[in-house]
Amino acid sequence: MLTAERRQFILDLLGRDKKVLSSELSAVLKVSEDTIRRDLRELAEAGLLQRVHGGALLTSPATASYADRQKQAPKEKEAIAQAAAKLVCSGQVVILDGGTTTLAVARHLPLDLSATVVTNSPPIAIALADHPHVEVIMLGGRLYKKALVNVGAATIEALRMIRADLCMLGVCSLHPEMGISVTNLDEAYVKRTMISRAAEVVGLATAAKLDTAAPYVVESIHALSYLVTAPMVSDEMLVSYQALGLTVVRG
Numbered sequence: 001m002l003t004a005e006r007r008q009f010i011l012d013l014l015g016r017d018k019k020v021l022s023s024e025l026s027a028v029l030k031v032s033e034d035t036i037r038r039d040l041r042e043l044a045e046a047g048l049l050q051r052v053h054g055g056a057l058l059t060s061p062a063t064a065s066y067a068d069r070q071k072q073a074p075k076e077k078e079a080i081a082q083a084a085a086k087l088v089c090s091g092q093v094v095i096l097d098g099g100t101t102t103l104a105v106a107r108h109l110p111l112d113l114s115a116t117v118v119t120n121s122p123p124i125a126i127a128l129a130d131h132p133h134v135e136v137i138m139l140g141g142r143l144y145k146k147a148l149v150n151v152g153a154a155t156i157e158a159l160r161m162i163r164a165d166l167c168m169l170g171v172c173s174l175h176p177e178m179g180i181s182v183t184n185l186d187e188a189y190v191k192r193t194m195i196s197r198a199a200e201v202v203g204l205a206t207a208a209k210l211d212t213a214a215p216y217v218v219e220s221i222h223a224l225s226y227l228v229t230a231p232m233v234s235d236e237m238l239v240s241y242q243a244l245g246l247t248v249v250r251g
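Its first residue numbered 1, the sequence shown is counted upward by one per residue in full-length UniProt numbering.
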């Protein structure tokens with residue numbers, strides 16, 4: 001089997017099973033584990049998978065730019081946003097993490113809702129500027145342009161002064177074993193602090209982000225109280241998340 005054929009086989013298997021193990025690939029393809037590790041390394045460098053100990057997992061579509069992510073799965077995000085917005089109650093302090101799905105949540109907050117929204121996302125702050133009863137607290141920091149969120153020490157310091165009732169977390173990658181992960185280290189620190197400052201945490205994830213991994217770990221899956229995902233996600237895919245105690249809501 002040619003190298004290109006072998007690597008395509010790995011990608012096809014990964015797409016089907018959501019993960020691959022180096023030892024099993026070595027046996028099936030009749031090549032050394034060193035060869036498999038080289039294949040996985042080069043596929044990872046091309047952004048086609050995420051290497052983990054002993055094998056590889058799918059990568060998240062959240063590696064794209066903010067503008068490109070706005071075009072991804074719009075119907076899923078709208079359904080998730082409508083369901084997530086119903087979890088917000090009047091009088092609450094809510095942390096709205098950055099992201100295109102959390103932006104959709106902001107746009108679905110009822111006009112009679114009276115709440116305080118804390119966000120590190122300029123697009124979310126602008127979307128809520130005309131809301132009649134939502135007070136907006138904009139977190140400062142350095143703008144991470146790819147994701148359009150503020151990050152860094154100033155963002156984290158401001159978050160430490162807040163006790164929120166709810167955090168709506170934009171999920172880059174979510175996996176039952178690998179937990180919550182992202183592609184940027186500064187974002188990982190900010191998201192971890194957001195989680196620590198909220199009584200309950202809602203993870204928002206389209207189907208393509210489930211069972212995926214990224215380089216920087218935010219927290220374990222146990223940090224989430226709720227997982228809000230798309231209606232088309234199968235019961236089979238959600239079993240492992242529900243087994244860990246997550247309340248799963250499909251939009």
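Heads up, the beta-carbon is just placed ideally off N, CA and C, and yes, glycines get one too. This structure is a prediction, so every number in the text was calculated from the model and none was measured.
query: Contact check, residue 203 vs residue 226, beta carbons under 8 Å; result: yes
query: N- and C-terminal bounds of the beta strand (DSSP E) containing residue 204; result: 198-205
query: Inter-residue spacing [alpha-carbon to alpha-carbon] between residue 245 and residue 169; result: 18 Å
query: At least 3 beta-carbon pairs within less than 8 Å: the stretch 112-128 vs the stretch 227-238; result: no
query: Candidates 201, 154, 208 and 155: closest to residue 238 by CA position; result: 208
query: Contacts around residue 132, its chain only, beta-carbon distance under 7 Å, and the 5 residues preceding and following it disregarded; result: 111
query: Cβ shell of residue 206 (< 6 Å), same chain only, five flanking positions each side left out; result: 73, 76 and 230
query: From 185, 217 and 159, residue whose alpha carbon lies closest to that of residue 197; result: 159
query: N-terminal and C-terminal residue of the beta strand (DSSP E) that residue 181 is part of; result: 179-182
query: Residues of its chain near residue 240, where Cβ-Cβ distance is below 8 Å and the 5 sequence neighbours each way are ignored; result: 176
query: Residue 171 beta carbon less than 8 Å from that of residue 180; result: yes
query: Segment contact flag, the stretch 50-65 with the stretch 17-37, C-beta cutoff 8 Å, min 3 pairs; result: yes
query: Length of the line joining the Cα atoms of residue 81 and residue 101; result: 7 Å
query: Whole-angstrom C-beta distance between residue 155 and residue 120, which should lie under 8 Å; result: 5 Å
query: Backbone secondary structure at residue 129 - three-state DSSP; result: coil
query: Residue 66 beta carbon less than 8 Å from that of residue 148; result: yes
query: Rounded separation between residue 153 and residue 195 - CA only; result: 16 Å
query: Distance CB(residue 166)-CB(residue 200) smaller than 8 Å; result: yes
query: DSSP state of residue 137 mapped onto helix, strand, coil; result: strand
query: Those residues which DSSP pairs with residue 119 across a bridge; result: 96 and 138
query: Assigned exposure category for residue 97 - 16 Cβ within 10 Å defines buried; result: buried
query: Euclidean distance between Cα positions of residue 249 and residue 83; result: 7 Å
query: Residue 79: first and last residue of the uninterrupted alpha helix (DSSP H) it sits in; result: 74-85
query: Residue 103 beta carbon less than 8 Å from that of residue 134; result: no
query: CB-CB length for residue 43 against residue 10, believed under 8 Å; result: 7 Å
query: Cα-Cα separation, residue 47 to residue 214; result: 10 Å
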